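A.B. asks: Let me give you the structure first, and then I'll get to my questions.
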Amino acid sequence: MILLLFWAGIQTVWLGQPSPGSALLGFLTGSAGFLFLAILGRGALGMGDVKLAGAIGALFGFPDALYALFWGVMLGGVAALYLLIARKAGLKSAFAYAPYLAAGAWILAMLGLWA
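With our numbering applied, the sequence shown covers -17 to 97.
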């Protein structure tokens, strides 16, 4: 899935949106930011999340990728907070973050911010 999303990012560059430099910067920003969080959080984020953030960055380019990742982080945070409050999960529970990152990218695309 991540390779397909990354390939879609390359395809959009060929179509002119985003520019190659913007796509590369989006890829580097997304993957480096999430890699930093994965290292800092000592396993709180998996490498799949890092790769997905990079692929979203390549797809949307910089700075639009930051908006998509912001929405994904917010949605994931709300879902995690709900699980904690409802006592369905604890602080050490595993939490799948990729669906929320994908939803953040979908929100950005649907809001039309990706011009």
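For glycine and all other residues, C-beta sits at the position ideal for the given N, C-alpha and C. Bear in mind the structure is a predicted one, so any value in this text is a computation, not a measurement.
Can you tell me whether LEU73 is buried or exposed, with buried defined as 16 or more other CB within 10 angstroms of its CB?
C.D. replies: As a working mapping, residue 73 is identified with position 91 in the sequence shown. Exposed, because fewer than 16 other Cβ atoms sit within 10 Å of the Cβ of LEU73.
A.B. asks: Is PHE16 closer than 9 Å to GLY36 when the C-beta atoms are compared?
C.D. replies: Sequence index remark: in the sequence shown, residue 36 carries index 54 (1-based). Sequence index remark: in the sequence shown, residue 16 carries index 34 (1-based). Closer than 9 Å, so yes.
A.B. asks: For ALA62, which three-state DSSP category applies?
C.D. replies: Your numbering for residue 62 matches position 80 in the sequence shown. The answer is helix: DSSP assigns ALA62 an H, G or I state.
A.B. asks: Indicate whether the contact test is met: 3 or more Cβ pairs, each with one atom in the stretch 80 to 93 and one in the stretch 37 to 56, closer than 8 Å.
C.D. replies: Judged by Cβ distances under 8 Å, the stretch 80 to 93 makes contact with the stretch 37 to 56, as three or more pairs qualify.
A.B. asks: Identify, in the order they occur along the chain, each residue of the same chain with its Cβ nearer than 7 Å to the Cβ of TRP96, setting aside the five sequence neighbours on each side.
C.D. replies: Residue 96 sits at position 114 when you count from the first residue of the sequence shown. For TRP96, the predicted model reports a pLDDT of 49, less than 50, meaning its position is unreliable; a value from the coordinates is still stated below. Taken in chain order, the residues that qualify are PHE42, ASP46 and LEU90.
A.B. asks: Quick check: the stretch 73 to 82 against the stretch 21 to 36, are there 3 or more CB pairs under 8 Å?
C.D. replies: Yes: at least three Cβ pairs fall under 8 Å.
A.B. asks: Going by DSSP, what residue range makes up the alpha helix (DSSP H) through LEU17?
C.D. replies: Counting from one through the sequence shown, the residue named residue 17 turns up at place 35. Segment 2 to 22, the alpha helix (DSSP H) holding LEU17.
A.B. asks: Beta carbon of ALA84, beta carbon of GLY39: below 9 Å?
C.D. replies: Taking the first residue of the sequence shown as 1, we reach residue 84 at position 102. Taking the first residue of the sequence shown as 1, we reach residue 39 at position 57. The answer is no: Cβ separation not under 9 Å.
A.B. asks: In whole angstroms, what separates the C-alpha of LEU22 from that of ALA14?
C.D. replies: Reading the sequence shown from its first residue, position 40 is the one you call residue 22. Reading the sequence shown from its first residue, position 32 is the one you call residue 14. So the alpha carbons of these two residues sit roughly 12 Å apart.
A.B. asks: Kindly list the residues whose CB is nearer than 8 Å to the CB of LEU19, restricted to its own chain and excluding five residues on each side of it in sequence; keep chain order.
C.D. replies: Residue numbering aside, residue 19 sits at position 37 when the sequence shown is read from its first letter. Closer than 8 Å at the Cβ level, and outside the excluded window around LEU19, lie ALA26 and LEU27.
A.B. asks: So what does DSSP say about PHE77, is it helix, strand or coil?
C.D. replies: As a first step, residue 77 is located in the sequence shown; it is residue number 95 there, counting from the start. Here PHE77 sits in coil by DSSP.
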